[in-house]
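> One structure coming up, written as structure tokens, with questions to follow.
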Amino acid sequence: MLGRLGWDAIPLDQPIPLIAGAVVMLILLGIVAWVIARGLAPYFWNEWITSVDHKHIGIMYVLLGLVMLFRGFIDAIMMRSQQALAFHAQGYLPPEHYDQIFSAHGTLMILFGAMPLVIGIMNFVVPLQLGARDVAFPTLNSVSFWLTATGALLVNISLVIGEFSRVGWLPYPPLSELRYSPGVGVDYYLWAVQISGIGTLLTGINFVTTILKIRAPGMTYLRMPMFCWTALASCLLIIAAFPVLTATLAMLTLDRYLGFHFFTNEAGGNAMMFVNLIWAWGHPEVYILVLPAFGVYSEVISTFSGKPLFGYRSMVMATLFICIVSFCVWLHHFFTMGAGGDVNAVFGIASGIIAVGTGVKMYNWLFTMYGGRIRFTTPMLWSLGFMTTFITGGLTGVLLAVPPVDFMVHNSLFLVAHFHHVIVGGVVFAVMAAMAYWWPKAFGFRLHEGWGRAAFWFALAGFYVTFVPMYVLGILGMTRRLQQYDVADWHPWVLVSGVGIVILIGGVICQVAQLAVSIAHRNELRDLTGDPWDGRTLEWATSSPPPVFNFAVLPQVKDAEYYWEVKRHAREAARLGREPDYEAIEMPRNSPTGFVCAFFATFVGFALIWHIWWLMILGLIGAYATFVVFAWRDVPEYIIPADEVAPIDRANREARQEALAGAATT
Amino acid sequence: MSTADSTLPISDPYRLGYRGPNLARGHGGGGPATKRVIVGYGFWLFLLSDIVVFSCLFAAYAVLADATAGGPRARDIFDLDRVAIETACLLASSFFCGLATIAVAQRNQILTQAALAITGLLGLAFLLLEASEFANLYAHGDGPTRSAFLSGFFTLVGCHGLHVTVGLLWLGTMMAQFLAKGFRPDIGRRFLCFSMFWHFLDIIWVAIFSLVYLVGTRL
């Protein structure tokens, strides 16, 4: 009846996951109870859960990403503290538990932390920057989000029901085959990643269509803000790379569930094929994450230097260069696995060359700042922290791209330090910068600067203290994923790294405090004009938070940085341009399709993990029924009449007129 | 602030390669495309991603083609006659799908339903032939668990078969929608996607027929 599921799946002998799970459940139940008690349930259902508004979906993505980032960070704390204690000792985490933690850490941070954060920011920003009313397929967007949430939920269910994968964040066979990993851990990984991967693929399709097909009139390609270009490159990579992940994991799934022989040791299976295929997805995945991050830095640095982005066209070319070359370097993830000298040389050179694109970007950012009036706000600090950190990380990456060096330090903590340098320094810093930068656009008030700066400095210092010792440890020969060790030379460096994570905890506390303080003081931090940073791109042309239709009248773009031009003219004339003629706007209706789909997907995933076949069939029927019901609806849109649009826009124009008058008198 | 003001001068610094305004919707500076273009374009992208899935399965099959582990080789098990009939069924069903497109353009309910029904029946025939091939192999102990080669074969061809199955489900839904809702623009867009999907299955099948069956029987 319940397949493999029984009471023995609950790890009653392990207090840590049980307590953690119980606390999370209590918090969730508490939130639900609070929402119901305050009578907010209809509000959340109508405005958020069933919303197809790209801004709301973006915010939910970011929230999901932050929660998963926090969970992944707790895993990091456990690993650092375990290694600090496990010199000539067992520490407090047994090997089978430690293995689950590092596997979950990587999976969560990349696929359920960084991906939702980056996609969430794209969701919120791209349509606004393009002057569009929404994405190309709003309901599909909601489906994407909820499928991602399903994947995250499955990973977290594994904390208390069964176990998570113990084979690392990429399930290399033959270790991940049924014979060597008979438990449900790898199955949790497979189905969670598979379901959320479908969501990611749909997002990629949605955003390429949005960027290529529904830009505002006059928004030619070379007038698009840099962030839109990077989002486009990232989504093209999603479309080309995520199907590879889907196919690869499907093959491993067939091996495990039906006894196929794709990657097994027996009957002609080929484990190296898995390694090649997974990195054909895995390396582009790195750029899927970091390209939008580059876009964020471009926007932030340009805005806070008060200058247009230097070398815009070379930036576009560098972005697309990286987009293409990222498919030609995958083998550098396994130089030591027997491809031979010639092949290694080709991929080593390709990996060196891809750094050129990033180098172009670095110089462009530097020259954007050169001669500018730089404002050192929180987003700008994160961007500067990124530039130093990413250069170090990039250079150690170029080192690792040299096959002979790679043979010396592969699989060591040197590698771990390298990819944390580029992913934390590149992606996480960008997410923090983007949050501080676009928060006022999303909620109508700024974040508290003091706490933001404190969070930045703690994070930067903590980051270096945690990861620089790992370079040393790697050169000293410490391999990654060690549950315990007895080399005395390593111990002091491991301890320093442990101190680093304590400083990072300080950063996290400051970040949480920043959110809490800012929300509590939102009236003092309020911005009525919709343009708190003196921005240059279209999202600052509308009010904060933007109305559901984004722009009262679709912008007619006539220039690169057109909004900046409009603003300059308004300043010279000390008044706004004439009031536009408002027209009725057609917007997509909200739909519970995404949420219902994810509801069934969760059951299908859970049923597959535990071999509960009747539940799986029920879930699939439910999902099909959902599609049919969605396809049967007759009125997919609703009309907002012009006399509802007008007052919303007029209020914003009034605030801007006041700001202009204020600027003119001072 | 109004960005719709048309009185401002133009000072585009990025004029290099600029060939005058392109006012077609959905291109350059022409503003948002029509819904039909947006939907069709998005579905093309989906089909491209699906082609990537199949290309992985093709690659895996190619890698594992010689890994027969003492089991049967490709030329021992392929029956080209059956495959030729399968191919004929699928290509003919695509032809009838094309006729359905014309019928939809003419808003002719009877012709639409008839053409779609034949499309579906031919697709079903293809699927049954494929199922009988698989059943035959199983019966001789040559299932996908026999060798890596057979794993690759069953997965590649089976994945195509799965797509045809989903396509049939979609086709049935489509026919019901034309009956219940008539030729509404949104149903028309959906049908555009379906017909692209159905022709796409042909393209994949042609590749399977050539690279798996024809090459396989020669080796």
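Order-wise, the sequence lines are chains E and F.
Heads up: the first sequence begins at 447 in the numbering used here, then just goes up one per residue.
Heads up: the second sequence begins at 874 in the numbering used here, then just goes up one per residue.
C-beta atoms are modelled at their ideal positions from N, C-alpha and C, and glycine is treated no differently.
Computed from a predicted model, the values in this text were never measured in an experiment.
1) Identify the continuous beta strand (DSSP E) that holds E:Y1084 and give its terminal residues.
2) In chain E, which residues lie less than 9 Å from F:Y914 when you measure between Cβ atoms?
3) Check the Cβ-Cβ distances between E:N996 and every residue of chain B, and say whether any is below 7 Å.
4) With E:P915 as the anchor, note down where its alpha helix (DSSP H) starts and where it stops.
5) Determine the chain E residues that contact F:Q1050 at a beta-carbon separation under 8 Å, and present them in chain order.
6) Do three or more CB pairs link the segment 998–1008 of chain E to the segment 658–665 of chain E at distances below 8 Å?
7) Between which residues of its own chain and F:G1040 is the CB-CB distance below 8 Å, once the five residues before and five after are set aside?
8) Does any CB atom of chain E fall closer than 7 Å to the CB of F:G901?
9) Which residues, taken in chain order from the segment 1017–1036 of chain F, show a beta carbon closer than 9 Å to some beta carbon of chain E?
10) Which chain F residues sit within Cβ distance under 8 Å of E:L704?
11) Between E:I1031, E:A1071, E:W1056 and E:A962, which has its C-alpha nearest E:F1046's C-alpha?
12) Kindly indicate which three-state DSSP category E:G644 falls into: helix, strand or coil?
13) Measuring CB atoms only, is the segment 821–841 of chain E touching the segment 777–795 of chain E, in the sense that at least three cross pairs come out at less than 8 Å?
14) Using C-beta distances below 6 Å, list every residue in its chain close to E:G946, excluding the 5 sequence neighbours before and after it, in chain order.
15) Give me the Cβ distance between E:A880 and E:I567, rounded to the nearest whole Å; I'm assuming they're in contact under 8 Å.
16) Using a Cβ-Cβ distance under 7 Å, would F:L989 count as near chain E?
17) Is the separation between the beta-carbon of E:T749 and that of F:G915 shorter than 7 Å?
18) What does a CB cutoff of less than 7 Å around F:F1064 pick up in its chain, not counting 5 residues either side in sequence?
19) Are three or more beta carbon pairs between the segment 676–684 of chain E and the segment 712–719 of chain E nearer than 8 Å?
20) So, is the C-beta of F:A998 closer than 7 Å to a C-beta in chain E?
21) Does the segment 1027–1044 of chain E come into contact with the segment 613–626 of chain E, if we say contact requires no fewer than three beta-carbon pairs (one atom in each stretch) closer than 8 Å?
22) Beta-carbon within less than 7 Å of E:R1102's beta-carbon, same chain only, minus the 5 sequence neighbours each way: which residues are those?
23) Note the first and the last residue of the continuous beta strand (DSSP E) segment covering E:F1031.
24) Please report how far the alpha carbon of F:S879 lies from the alpha carbon of E:L827, in whole angstroms.
25) Excluding the five sequence neighbours on either side, which residues of its own chain have a C-beta within less than 7 Å of the C-beta of E:M1062, listed in chain order?
26) Does DSSP put F:T941 in a helix, in a strand, or in coil?
27) Keeping to the same chain, check which residues put their C-beta closer than 6 Å to that of E:D1095; ignore five residues upstream and five downstream.
28) Using beta-carbon positions only, say whether E:G952 and E:R526 come within less than 7 Å of one another.
29) What distance in whole Å lies between the Cβ atoms of E:M924 and E:L859, which are believed to be in contact at a cut-off of 8 Å?
30) Output the residue ranges of the alpha helix (DSSP H) runs that lie fully inside the segment 556–587 of chain E and measure 4 residues or longer, sorted by chain position.
31) Give the straight-line distance between the Cα atoms of E:F780 and E:S611, rounded to the nearest whole angstrom.
32) E:I462 versus chain F: which residues are under 7 Å apart at the beta carbon?
33) Rounded to whole angstroms, what is the Cα-Cα separation between F:F1026 and F:Y1086?
34) Measuring only between beta-carbons, confirm whether E:P886 sits less than 7 Å from chain F.
35) Specify the secondary structure class of E:Y931 as computed by DSSP and reduced to three states.
The short version:
1) To locate residue 1084 of chain E, count along the first sequence from 1; it is residue 638. Run containing E:Y1084: E1083 to I1086, per the beta strand (DSSP E) assignment.
2) The residue you call residue 914 of chain F lines up with position 41 of the second sequence. What F:Y914 touches in chain E: A582, V654, T655, L658 and K659.
3) Annotation note: the requested chain B is absent from the structure, which comprises protein chains E and F.
4) For the purposes of this step, residue 915 of chain E is taken as the residue at position 469 of the first sequence. E895 to I921 is the extent of the alpha helix (DSSP H) around E:P915.
5) In the second sequence, the residue the question calls residue 1050 of chain F occupies position 177. Ordered by position in chain E, the residues that pass the 8 Å Cβ test against F:Q1050 are A1077 and W1078.
6) Yes: the two stretches touch, three or more of their Cβ pairs being nearer than 8 Å.
7) On the second sequence, position 167 is the one that residue 1040 of chain F refers to. Once the five neighbours on either side are set aside, the close Cβ partners of F:G1040 are G996, F1067, F1070, W1071 and L1074.
8) If you number the second sequence from 1, residue 901 of chain F lands on position 28. It does: the Cβ of F:G901 has a partner Cβ on chain E nearer than 7 Å.
9) Those residues of the segment 1017–1036 of chain F placed with their C-beta closer than 9 Å to a C-beta in chain E are P1017, T1018, R1019, S1020, A1021, F1022, L1023, S1024, G1025, F1027, T1028 and C1032, ordered along the chain.
10) Your numbering for residue 704 of chain E matches position 258 in the first sequence. By Cβ distance, chain F contributes P1017 and T1018.
11) Reading the first sequence from its first residue, position 600 is the one you call residue 1046 of chain E. Of E:I1031, E:A1071, E:W1056 and E:A962, the residue nearest in Cα terms is E:A1071.
12) On the first sequence, position 198 is the one that residue 644 of chain E refers to. It is worth fixing the name first, because residue 644 of chain E is Ile in this sequence and not Gly. The answer is helix: DSSP assigns E:I644 an H, G or I state.
13) no
14) Walking along the first sequence from the start, residue 946 of chain E turns up at place 500. Taking E:G946 as the centre and dropping the five residues before and after it, the same chain places the C-beta of G908, V911 and T912 closer than 6 Å to its C-beta, in chain order.
15) Locating residue 880 of chain E in the first sequence gives position 434, counting from the first residue. Locating residue 567 of chain E in the first sequence gives position 121, counting from the first residue. About 5 Å separates the two Cβ atoms, so the contact holds.
16) The sequence position of residue 989 of chain F within the second sequence is 116, counting from 1. Answer no: the Cβ-Cβ gap between F:L989 and chain E never drops below 7 Å.
17) Here the question's residue 749 of chain E lines up with position 303 in the first sequence. Here the question's residue 915 of chain F lines up with position 42 in the second sequence. Not closer than 7 Å, so no.
18) For the purposes of this step, residue 1064 of chain F is identified with residue 191 of the second sequence, where counting begins at 1. Within the same chain, F:F1064 has close Cβ partners V977 and M1047.
19) no
20) In the second sequence, counting from the first residue as 1, residue 998 of chain F sits at position 125. Output row for F:A998: interface = no.
21) no
22) Translated into positions along the first sequence, residue 1102 of chain E becomes position 656. Answer for E:R1102: T975 and L1022, listed in chain order.
23) Position 585 of the first sequence, counted from the first residue, corresponds to residue 1031 of chain E. As written in the sequence, residue 1031 of chain E is Ile, which differs from the Phe given in the question. E:I1031 -> beta strand (DSSP E) spans I1031 to P1034.
24) One-based indexing of the second sequence puts residue 879 of chain F at position 6. One-based indexing of the first sequence puts residue 827 of chain E at position 381. Residue placement at F:S879 is flagged as unreliable, the pLDDT there being 46, under the threshold of 50; a coordinate-derived value is accordingly withheld.
25) Residue 1062 of chain E sits at position 616 when you count from the first residue of the first sequence. Excluding sequence neighbours, E:M1062 sits near V1050, A1053 and L1054.
26) The residue labelled residue 941 of chain F in the question sits at position 68 within the second sequence. Correct three-state label for F:T941: coil.
27) Working through the first sequence from its first residue, we reach residue 1095 of chain E at position 649. Excluding sequence neighbours, E:D1095 sits near A998.
28) For the purposes of this step, residue 952 of chain E is identified with residue 506 of the first sequence, where counting begins at 1. For the purposes of this step, residue 526 of chain E is identified with residue 80 of the first sequence, where counting begins at 1. Taking 7 Å as the Cβ cut-off, E:G952 and E:R526 do not qualify as a contacting pair.
29) Taking the first residue of the first sequence as 1, we reach residue 859 of chain E at position 413. Taking the first residue of the first sequence as 1, we reach residue 924 of chain E at position 478. That pair is a contact at about 5 Å.
30) 561–576
31) Along the first sequence, one-based indexing puts residue 780 of chain E at 334. Along the first sequence, one-based indexing puts residue 611 of chain E at 165. Distance between the alpha carbons of E:F780 and E:S611: 21 Å.
32) As a working mapping, residue 462 of chain E is identified with position 16 in the first sequence. Per Cβ cutoff of 7 Å: no residues; E:I462 is ~38 Å from chain F at best.
33) Start at 1 with the first residue of the second sequence, and residue 1026 of chain F comes out as number 153. Start at 1 with the first residue of the second sequence, and residue 1086 of chain F comes out as number 213. Taking the straight line joining both Cα atoms gives about 10 Å.
34) By one-based count along the first sequence, residue 886 of chain E stands at place 440. With a threshold of 7 Å between beta carbons, E:P886 makes no contact with chain F.
35) Taking the first residue of the first sequence as position 1, residue 931 of chain E is located at position 485. In the displayed model, E:Y931 falls within a strand according to three-state DSSP.
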